[in-house]
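Novice: Quick note on my numbering: the sequence shown kicks off at 46 and runs consecutively.
Cβ atoms here follow ideal geometry from the backbone N, Cα and C, with glycine treated the same way.
Here the structure is a predicted model, which means the values were calculated and not measured.
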Amino acid sequence: MKRQWSDVSALIQAVAPICLKYDENGIDIYFINHRPTDTGKRDSAQGIFRDVKPGGKCKLGARLKKILSWYIEQLKLDPQRPPLNVIVITAGITDDDFAGPLTDAARELDNMKAPLHQLGVMLFQLGDNEEARSKFEHADDEMWKKEGTRDIVDTVTWRGWPASFGSDDMVKAVLGAVSKKMDGAKSALAGTVPPERRETTI
46 MKRQWSDVSA LIQAVAPICL KYDENGIDIY FINHRPTDTG KRDSAQGIFR DVKPGGKCKL
106 GARLKKILSW YIEQLKLDPQ RPPLNVIVIT AGITDDDFAG PLTDAARELD NMKAPLHQLG
166 VMLFQLGDNE EARSKFEHAD DEMWKKEGTR DIVDTVTWRG WPASFGSDDM VKAVLGAVSK
226 KMDGAKSALA GTVPPERRET TI
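(1) Could you check how far apart the C-beta atoms of residue 181 and residue 194 are, in whole angstroms? I think they sit under 8 Å.
(2) With 16 as the cutoff for other CB atoms within 10 Å, does residue 153 come out buried or exposed?
(3) If you reduce the DSSP assignment to three classes, tell me which class residue 58 lands in.
(4) Shortest alpha-carbon distance to residue 104 belongs to which of 139, 150, 60 and 172?
(5) Between residue 124 and residue 164, is the Cβ-Cβ spacing less than 8 Å?
(6) May I have the straight-line CA-CA distance separating residue 150 from residue 72, to the nearest angstrom?
(7) Quick one, which of 126, 132 and 111 has its alpha-carbon nearest residue 197's?
(8) Can you tell me whether residue 194 is helix, strand or coil according to DSSP?
(9) Short of 6 Å in beta carbon distance, which residues of its chain neighbour residue 102, apart from the five on each side in sequence? Order them along the chain.
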């Protein structure tokens with residue numbers, strides 16, 4: 046992820062203002078191997094990234110489990126809790142099982158009979174690792190069918206700026222994933238609608 050780190054920072058700086066238009070409470074930024082302090086005092090995503098450097102193993106599954114489990118427990122306490130959209134920005138090379146927490150969360154939501162738009166996870170892959178891309182696409186297109194659960198996953202692959210994705214297309218892709226109405230329309234991103242989900246975690 047080190048060589049894509051500047052891309053990650055640029056991506057979040059591009060996406061954050063768009064998300065803030067639809068979420069007056071702001072966005073939460075989590076890193077797998079770092080917990081920034083006093084983020085509420087920073088005036089921009091750039092300020093947070095200035096003090097964070099990539100390193101260590103990518104325990105994506107463990108981080109997803111914490112975030113999704115916490116949210117579902119909160120949802121059980123308050124069924125009217127605002128929906129959540131999680132945007133995962135990663136090179137895609139993980140050191141643990143990320144699919145399990147996604148399946149568990151989807152099954153919990155099914156058991157609770159939560160609205161289909163209650164929770165969504167977007168896997169945004171930076172780079173061209175084909176093994177990672179294949180795993181992410183499986184999570185998007187096949188995993189929910191195999192497990193018999195709702196589909197809470199969407200994926201986008203971005204091979205670098207300004208290669209196949211321009212900044213405008215990138216932002217539209219993120220918003221398209223936020224709104225399940227846009228699922229399956231990645232090749233026709235014009236006319237993006239405001240996302241239905243109101244809490245955003247990046």
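Specialist: This is what the structure gives:
(1) In fact, because the Cβ distance is near 17 Å, the residues do not count as touching under 8 Å.
(2) Buried.
(3) Residue 58 falls in the helix class under three-state DSSP.
(4) 139
(5) no
(6) The alpha-carbon atoms of residue 150 and residue 72 are separated by roughly 21 Å.
(7) 132
(8) coil
(9) 140
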